[in-house]
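Visitor: Please see the structure below; I have some questions.
Residue numbers (UniProt numbering): 1 to 77.
This is how it looks when you write it as structure tokens:
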């Protein structure tokens, strides 16, 4: 598995993105809020230890990284 495929693994119904500068609950809230503002019905899960955001229930594609960047964070990939 390459670094890029680890950074943006696609699972059944979920898009997972690594966000290395996501360090605390406030970071999670900012990223989650930005994602849910664009896709209100998306299910968003954060894993601080794994530095990942998982979004399911919506087709988000490449736009997900743009939303994370707009929230002030740096998505891998």
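Think of the CB as a built atom: it goes at the ideal place given N, C-alpha and C, for glycine as much as any other residue.
Every value quoted in this text rests on a predicted model; they were computed, and no experiment measured them.
Quick check on residue 19: does DSSP put it in helix, strand or coil?
Guide: By 1-based counting over the chain shown, the position of residue 19 is 19. Secondary structure at residue 19: strand, using DSSP grouped into helix, strand and coil.
Visitor: Taking a contact to mean a Cβ-Cβ separation below 8 Å, would you say residue 22 touches residue 39 in this structure?
Guide: Counting from 1 along the chain shown, the entry for residue 22 is found at position 22. Counting from 1 along the chain shown, the entry for residue 39 is found at position 39. No, these two residues do not count as a Cβ contact at 8 Å.
Visitor: Around the C-beta of residue 18, are 16 or more other C-beta atoms found within 10 angstroms, so that it is buried, or is it exposed?
Guide: For the purposes of this step, residue 18 is identified with residue 18 of the chain shown, where counting begins at 1. Note on residue 18: 16 or more other CB atoms within 10 angstroms of its CB, so buried under the neighbour-count rule.
Visitor: Under a Cβ-count criterion, where at least 16 other Cβ atoms within 10 Å of its own Cβ denotes burial, should residue 46 be classed as buried or exposed?
Guide: The residue labelled residue 46 in the question sits at position 46 within the chain shown. When all chains shown are included, residue 46 counts as buried.
Visitor: Roughly how many whole angstroms lie between the Cα atoms of residue 15 and residue 44?
Guide: The count along the chain shown starts at 1 and reaches residue 15 at position 15. The count along the chain shown starts at 1 and reaches residue 44 at position 44. Straight-line Cα distance between these residues: approximately 10 Å.
Visitor: Going straight from the alpha carbon of residue 75 to that of residue 28, what length do you get?
Guide: As a first step, residue 75 must be located in the chain shown, where it is residue number 75. As a first step, residue 28 must be located in the chain shown, where it is residue number 28. Roughly 13 Å between the two C-alpha positions.
Visitor: Can you give the Cα-Cα distance for residue 87 and residue 70, rounded to whole angstroms?
Guide: Nothing about residue 87 can be read from this structure; the chain reaches only from 1 to 77.
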